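A.B. asks:
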Amino acid sequence: MSPEKPSWLRMGKPVIDAATGREGTVSGIGEPWMTNRPPDVVYVRPVGGGIEWRVPIDRVRPGPVPSHPAGGGR
Numbered sequence: 001m002s003p004e005k006p007s008w009l010r011m012g013k014p015v016i017d018a019a020t021g022r023e024g025t026v027s028g029i030g031e032p033w034m035t036n037r038p039p040d041v042v043y044v045r046p047v048g049g050g051i052e053w054r055v056p057i058d059r060v061r062p063g064p065v066p067s068h069p070a071g072g073g074r
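Under the numbering used here, residues 1 to 74 are what the sequence shown spells out, in order.
(1) How is Asp17 classed by DSSP in three states: helix, strand or coil?
(2) By the 10 Å Cβ neighbour count, where 16 or more other Cβ atoms means buried, how is Val42 classified, buried or exposed?
(3) Which stretch, first to last residue, makes up the beta strand (DSSP E) that contains Trp53?
(4) Which residue comes first and which comes last in the beta strand (DSSP E) that contains Pro62?
(5) Check the C-beta distance from Ile57 over to Pro39 and give it rounded, since I have them as a contact under 8 Å.
(6) Quick check on the DSSP output: the beta strand (DSSP E) that includes Thr35 runs from which residue to which?
(7) Let's see if you can read the secondary structure: which residues bound the beta strand (DSSP E) around Gly24?
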C-alpha cells in the first residue's frame, strides 16, 4: 500500500528531503505514467535551479518559506 499524499503537498511548495536534508521545490507529484494509483514519489528541484531528484512521498517534509520573492525581485 502506498503512503498517503500529505494535504499540504502542492506543486511549487518548498520541501526538505528528510533522508538527506536537501531543500528544494516540488516540481512533480507521482510518476507521470502511473495515473491509476496514488502518488508515491515527489520530484524536487534544488533551490536556485538544477537537476531534480526523486523523493519517496513519505520522506518529504514541508520546507522553509523563502525569505525573498522568486526570481530575486525587490
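Beta carbons: idealized from backbone N, C-alpha and C, even for Gly. None of the values given here were measured: they were computed from a predicted structure.
C.D. replies: Here's the rundown:
(1) Mapped onto the sequence shown, residue 17 falls at position 17. It is a strand residue.
(2) To locate residue 42, count along the sequence shown from 1; it is residue 42. By the neighbour-count rule (16 or more Cβ atoms within 10 Å), Val42 is buried.
(3) On the sequence shown, position 53 is the one that residue 53 refers to. Here the beta strand (DSSP E) through Trp53 covers 53–56.
(4) On the sequence shown, position 62 is the one that residue 62 refers to. Per DSSP, Pro62 belongs to the beta strand (DSSP E) from 60–62.
(5) As a working mapping, residue 57 is identified with position 57 in the sequence shown. As a working mapping, residue 39 is identified with position 39 in the sequence shown. Confirmed, about 6 Å.
(6) Reading the sequence shown from its first residue, position 35 is the one you call residue 35. Here Thr35 belongs to no beta strand (DSSP E), and DSSP marks it neither H nor E.
(7) Counted from its first residue, the sequence shown places residue 24 at position 24. That run of the beta strand (DSSP E) goes 23–29.
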